[in-house]
Structure formats: structure tokens, C-alpha cells
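All remarks here apply to the structure that follows.
Residue numbers (the working numbering), protein chains in the order written: chain Z, 1 to 447; chain V, 448 to 550.
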């Protein structure tokens with residue numbers, strides 16, 4: 001059986017667009033997947049939808065579709081994406097509109113919904129993960145509740161023959177697993193193949209992170225062509241083993257290092273990677289070089305899927321106020337340190353001394369705190385104050401106090417920036433499978 | 448010499464935990480990494496940042512070690528006051544580690 005070619009056109013909402021166009025035009029792909037939905041992105045999108053019922057889809061959806069739809073139509077490549085975010089139906093209609101504007105006749109789009117479980121969560125209490133409180137305690141500030149759907153939710157959409165499949169929250173690797181299950185006819189309890197399919201999906205879901213992105217260490221690990229990184233594709237065999245590669249002529253590198261770093265990225269127990277469709281086991285995965293920028297991957301395994309589905313809860317948790325100011329030249333570090341000392345005293349004067357806050361010097365200890373390297377006086381530092389605040393007004397005071405250092409602080413401070421952001425935090429809980437009912441709607445352009 | 452001379456590292460976030468993967472540049476250095484990078488050493492390296500325990504998994508066939516650092520992200524990406532809320536730069540702090548040289 002010929003291998004199945006599946007590529008990744010985006011690894012996050014803001015990812016580059018031209019590598020996806022390149023994959024669509026030259027990749028001879030069966031499926032092109034766009035993964036654009038980080039944990040918090042959907043909660044932010046729910047808020048936009050609350051203000052405007054037509055909103056809530058990914059803001060770059062139309063631009064990405066314009067870039068790839070003509071080539072995908074020509075090559076017979078299907079598109080799977082979670083760019084539906086908080087409003088998959090609106091996203092589906094938007095894709096149809098793009099198709100119409102491009103003159104693509106008879107475009108068919110399948111919309112997968114059912115991840116929004118806010119009504120269920122408002123009626124049923126449950127324990128939170130990593131938090132002693134329960135769901136009920138969050139209800140007054142709850143903005144969204146989205147279950148991680150599995151590949152099973154996408155299978156009817158794939159069976160419908162639609163060229164574009166738009167969903168909201170689906171487990172990232174499942175966006176890749178579903179087309180493999182559909183194409184090869186893997187059973188929903190074929191844990192071995194599903195586990196290997198999750199390996200492939202996890203390797204692809206962060207796009208360039210497997211093909212040379214996020215890897216370069218000048219002098220140690222060189223990566224050619226970072227400005228033109230090729231996004232990855234997998235040539236998958238019927239048993240789920242695959243070659244991970246990228247297009248000839250694109251930048252980046254696919255090798256043991258790039259693939260291993262991505263294989264374990266953001267995984268907890270490598271023997272038990274919990275997914276809606278399977279508990280995947282990466283501990284026996286084997287990588288073999290299979291030519292330039294080609295790595296053969298096999299050995300993923302799996303165990304029966306969990307009885308519950310994970311749900312991300314979006315919760316409003318006050319505000320963060322922040323301000324920054326730079327100092328340069330001789331004594332920059334001492335002046336930056338004095339600025340922080342003044343800011344701490346100012347918090348006390350304003351009665352805000354109890355706020356949880358961070359006062360640190362960018363260029364000295366802002367990233368690694370006590371683990372920072374002790375070194376020579378840097379040529380420039382940037383003092384940073386960030387504080388957790390109950391109200392927007394309080395958060396604005398933080399930036400104002402930093403700005404006041406212009407006229408009231410140490411000598412030579414410049415380049416102040418201030419910000420206030422509302423904290424939309426994410427908590428997690430588990431729900432039984434019967435709380436979630438995925439559904440598929442087919443949209444079609446009138447011929 | 449530094450750890451960065453013999454390994455790469457990549458960190459990421461998972462709720463309130465940071466994940467940290469270390470891969471030997473030369474697979475033959477895996478036993479050396481295994482001996483060097485005990486969970487205790489990694490915990491010491493991140494003292495003041497990581498509040499909870501450090502777990503380690505060994506993946507010899509990949510020449511990789513994988514760590515989970517508990518309570519490492521100030522309440523998680525979405526709540527953290529940190530400049531690097533994801534903890535993505537934590538990997539570089541480990542690679543800065545001085546290690547015994549070849550000689």
C-alpha cells in the first residue's frame with residue numbers, strides 16, 4: 001500500500017503562512033493540518049464570541065485558506081484545522097466564502113462541534129486537576145469550558161468527503177490521527193496503531209519544531225535557512241510507522257536531534273501520554289536515519305483510552321499590571337537595582353506592598369532568578385515590575401509608578417513601556433464521555 | 448566545559464509543571480548524561496524557580512533524558528507574572544552547567 005502523506009501547515013495561531021503554501025503546492029499531500037489553538041486561545045475566542053455572536057473563529061483563518069485552498073484543490077489535498085476555535089460553524093462559513101471568492105466551485109466544508117461543555121460544567125461539579133478547589137468554586141468567573149475531543153469526533157467529517165474540516169478544541173495529535181484512522185481503517189481499539197499514530201501526530205503538531213525550528217545553538221547546533229524553514233510532513237505506512245521529512249530546498253533540518261526534542265516536548269510520563277483516543281507509550285520509539293532530512297519513526301505503542309475527557313476551563317482571575325524601564329552604560333546594573341528598590345518602596349507607600357509581584361532586571365535575573373549566571377556588569381539592563389492586581393485601576397498604577405521613574409528615579413532611565421492585561425487563566429477538570437456529544441455539519445456552496 | 452557542548456535541551460509547559468528534555472549530541476554520551484544529570488542535581492540547578500520535586504525518565508534508545516519539574520511556572524502560563532511565562536528559557540539554564548571535561 002502506498003504511503004499516506006500528511007503535513008503540518010501551522011503549529012500555533014501566529015505561525016508563518018508561506019511554508020504552508022509551499023507544502024500545499026509541492027507536498028503532494030493527502031492531508032494538510034493546521035494546529036492553531038493553544039490552551040488559552042479558545043477561552044479568549046469565547047469572550048470575543050460573547051460580545052459578537054458571529055466572532056470566535058481564528059482571526060487568520062481566511063488568510064491561511066486563501067494561501068492554500070487553490071493548491072489543495074488542484075492536488076486533491078484535504079485540510080483539517082482547529083481554527084474554528086470558539087465558533088466552528090462561523091469558521092466553516094468563512095471558508096466557504098473564501099472558496100467562493102477564489103472561484104472554487106462546489107467546495108464542501110465539514111464543521112465539527114460539541115467541544116463546548118460549558119452548560120454541563122455549570123450543572124455538574126467536579127474536581128480540578130492540580131488545584132484543591134472544585135469546578136463550582138470557579139463558576140462565577142467561568143468564561144469557557146471546552147472538552148478535548150478525540151479523533152473519533154472527526155471521523156464522520158472525514159467520511160463525508162468534505163475537502164475542509166473545521167473544528168474547535170480537539171486534542172492536537174488527534175487532528176493527525178483521525179485522517180490516518182480514516183485512510184487505513186484502523187479500529188478505535190487498535191491501541192498499538194493508535195499509539196503509533198499519536199507519535200506521528202505529536203511529532204507534526206508543532207510544525208517547524210520537528211524540522212529544525214527551536215533547535216539552533218550557534219557554534220554547537222547549526223540549522224541552515226531559519227528564515228525559510230520547511231514545515232514537516234510524514235509519509236505514513238499502514239502500520240503507522242512513518243518517515244518524517246520536509247520539502248527539498250526548504251530551510252531547517254530533520255534528524256535524530258530535531259525529532260527527539262519534539263517527540264518528548266511537553267510530554268509528562270513518556271510511557272503514558274494521555275489522549276482521548278488512546279494512552280500512548282513513547283518509551284519504545286525508535287528513530288533511524290533514512291536519508292538527508294529523513295527520519296524513520298516506529299515503535300509507538302498504546303493502551304486503552306481513558307474513561308474521561310479533559311476539559312479546559314477559562315477563568316477570569318483579575319489583572320496583571322507591568323512596567324519596564326532601561327538603563328545603559330557604566331553602572332547600569334546599580335541604577336537598575338536602585339530603580340527596583342524605589343519601586344518596592346513606592347508599592348508600600350501606596351498600600352500595595354502585599355501584592356504578589358516580581359521586581360527584576362532583564363539582562364541579569366529576569367529569566368532564571370536565583371539560577372542566573374553571576375557575571376560582569378552588563379552594558380544595559382531593563383528593570384521590570386509586574387504585579388497581580390484585583391482591579392484594572394490598581395494594575396494601571398503599576399505601570400504609572402515605573403513611568404514616574406523618568407523624572408523621579410535614578411539617572412538615565414529610558415524606553416518605558418507599560419501594560420495591563422486581564423488574566424484569563426486556564427484550569428482543568430475531567431468529564432465523563434457521555435457529557436460530550438460531538439456533531440458534524442456539512443456546508444456546501446450552491447453549485 | 449559546559450553541558451551545551453555535549454547536549455541540547457528543550458523545555459515547555461504543562462499546567463504548573465515544566466517539562467525538560469535533554470538529548471545527547473553524540474549518542475555515546477548518553478551514559479555520561481545519565482550519570483551527571485540526577486534529579487537531585489537538576490532540582491539544585493533550579494532552586495528558587497522549581498518549588499516541587501523533579502522526576503526523571505531515561506530513554507536510552509533515543510539518547511535522551513526527560514524531566515518534569517513540578518510547581519515550576521508560578522501557577523502556569525496563564526497566571527504567571529514571569530517574563531517567560533512558559534518556562535521555555537529554563538532549558539538554557541541547565542545547558543549553562545559546568546561539567547567535567549574530556550581529558
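Beta carbons are placed, not taken as given, at the ideal position from N, Cα and C, and that holds for glycine.
In this text the structure is predicted, and so the values were computed from the model without any measurement.
Starting from residue i, find everything on chain Z with Cβ-Cβ shorter than 8 Å and list it in chain order.
| i | result |
| --- | --- |
| residue 556 of chain V | Because chain V spans 448 through 550 in this model, residue 556 of chain V falls outside it and cannot be assessed. |
List the residues of chain C whose Cβ lies closer than 9 Å to the Cβ of residue i, in chain order.
| i | result |
| --- | --- |
| residue 157 of chain Z | Here the protein chains are Z and V, and chain C is not one of them. |
Measure the alpha-carbon distance for residue i versus residue j and round it to whole angstroms.
| i | j | result |
| --- | --- | --- |
| residue 560 of chain V | residue 331 of chain Z | This structure leaves residue 560 of chain V out entirely; chain V is present only between 448 and 550. |
| residue 204 of chain Z | residue 499 of chain V | 31 Å |
| residue 410 of chain Z | residue 36 of chain Z | 44 Å |
| residue 529 of chain V | residue 141 of chain Z | 23 Å |
| residue 148 of chain Z | residue 279 of chain Z | 14 Å |
| residue 26 of chain Z | residue 206 of chain Z | 20 Å |
| residue 407 of chain Z | residue 227 of chain Z | 42 Å |
| residue 469 of chain V | residue 99 of chain Z | 45 Å |
| residue 343 of chain Z | residue 401 of chain Z | 7 Å |
| residue 222 of chain Z | residue 512 of chain V | 22 Å |
| residue 286 of chain Z | residue 295 of chain Z | 10 Å |
| residue 325 of chain Z | residue 405 of chain Z | 8 Å |
| residue 489 of chain V | residue 217 of chain Z | 21 Å |
| residue 415 of chain Z | residue 453 of chain V | 39 Å |
| residue 522 of chain V | residue 313 of chain Z | 15 Å |
| residue 393 of chain Z | residue 113 of chain Z | 38 Å |
| residue 381 of chain Z | residue 359 of chain Z | 13 Å |
| residue 198 of chain Z | residue 152 of chain Z | 13 Å |
Using a Cβ cut-off of 8 Å (strictly closer), state whether residue i contacts chain V.
| i | result |
| --- | --- |
| residue 223 of chain Z | no |
| residue 130 of chain Z | yes |
| residue 483 of chain Z | The shown model of chain Z, from 1 to 447, leaves out residue 483 of chain Z, and the question about it has no answer. |
| residue 241 of chain Z | no |
| residue 394 of chain Z | no |
| residue 41 of chain Z | no |
| residue 312 of chain Z | no |
| residue 214 of chain Z | yes |
| residue 283 of chain Z | yes |
| residue 35 of chain Z | no |
| residue 101 of chain Z | no |
| residue 362 of chain Z | yes |
| residue 421 of chain Z | no |
| residue 113 of chain Z | no |
Go ahead and label residue i buried or exposed: buried means 16 or more other beta carbons lie within 10 angstroms of its beta carbon, across all protein chains shown.
| i | result |
| --- | --- |
| residue 341 of chain Z | exposed |
| residue 461 of chain V | buried |
| residue 182 of chain Z | buried |
| residue 448 of chain V | exposed |
| residue 46 of chain Z | buried |
| residue 485 of chain V | exposed |
| residue 487 of chain V | exposed |
| residue 357 of chain Z | buried |
| residue 434 of chain Z | exposed |
| residue 22 of chain Z | buried |
| residue 175 of chain Z | buried |
| residue 260 of chain Z | buried |
| residue 224 of chain Z | exposed |
| residue 83 of chain Z | buried |
For chain Z, find out if any of its Cβ atoms is closer than 8 Å to the Cβ of residue i; answer yes or no.
| i | result |
| --- | --- |
| residue 498 of chain V | no |
| residue 546 of chain V | no |
| residue 473 of chain V | no |
| residue 476 of chain V | no |
Report the neighbours of residue i on chain V: residues whose CB is nearer than 8 Å to its CB, in chain order.
| i | result |
| --- | --- |
| residue 371 of chain Z | 492, 493, 494, 495, 496, 540 |
| residue 357 of chain Z | 528 |
| residue 424 of chain Z | 525 |
Report the neighbours of residue i on chain V: residues whose CB is nearer than 7 Å to its CB, in chain order.
| i | result |
| --- | --- |
| residue 366 of chain Z | 530 |
| residue 320 of chain Z | 528 |
| residue 74 of chain Z | By Cβ distance, chain V contributes nothing, its closest Cβ being about 37 Å from residue 74 of chain Z, past 7 Å. |
| residue 211 of chain Z | Simply none; closest approach about 14 Å. |
Which residues of chain Z have a Cβ atom closer than 9 Å to the Cβ of residue i, listed in chain order?
| i | result |
| --- | --- |
| residue 470 of chain V | 256, 257, 260, 261, 264 |
| residue 481 of chain V | Those do not exist, as residue 481 of chain V stays about 15 Å from chain Z at its closest Cβ, beyond 9 Å. |
Whose Cβ in chain V lies nearer than 9 Å to the Cβ of residue i?
| i | result |
| --- | --- |
| residue 286 of chain Z | 508, 509 |
| residue 332 of chain Z | Ordered by position in chain V, no residue passes the 9 Å Cβ test against residue 332 of chain Z, which lies about 18 Å from the chain. |
| residue 398 of chain Z | By Cβ distance, chain V contributes nothing, its closest Cβ being about 11 Å from residue 398 of chain Z, past 9 Å. |
| residue 428 of chain Z | 462 |
Chain Z partners of residue i, CB-CB under 7 Å?
| i | result |
| --- | --- |
| residue 515 of chain V | 268 |
**Study point:** At least 3 beta-carbon pairs within less than 8 Å: the stretch 163-171 of chain Z vs the stretch 83-90 of chain Z
**Key:** yes
Exercise for review: For the stretch 475-491 of chain V and the stretch 180-197 of chain Z, state whether three or more C-beta atom pairs, one from each stretch, are separated by less than 8 Å.
Suggested key: no
**Study point:** Cβ pair count under 8 Å reaching 3, the stretch 361-369 of chain Z against the stretch 533-542 of chain V
**Key:** yes
Exercise for review: Please confirm if the stretch 435-447 of chain Z is in contact with the stretch 103-117 of chain Z, defined as three or more CB-CB distances below 8 Å between the two stretches.
Suggested key: yes
Review point. Okay, do the stretch 56-64 of chain Z and the stretch 231-239 of chain Z touch, 3+ Cβ pairs below 8 Å being the bar?
Key: no
Check your understanding: Touching or not, the stretch 245-254 of chain Z and the stretch 265-281 of chain Z, by the rule of three or more beta carbon pairs under 8 Å?
Key -> Contact between the stretch 245-254 of chain Z and the stretch 265-281 of chain Z is not established, with fewer than three Cβ pairs separated by less than 8 Å.
Review point. Does the pairing of the stretch 129-140 of chain Z with the stretch 43-59 of chain Z give three or more beta-carbon distances under 8 Å?
Key: These segments do not touch.
Practice item. Examine the Cβ distances between the stretch 421-432 of chain Z and the stretch 115-133 of chain Z and report whether three or more of them are shorter than 8 Å. Key: yes
Check your understanding: With a cut-off of 8 Å, do at least 3 Cβ pairs link the stretch 298-307 of chain Z to the stretch 376-384 of chain Z?
Key -> no
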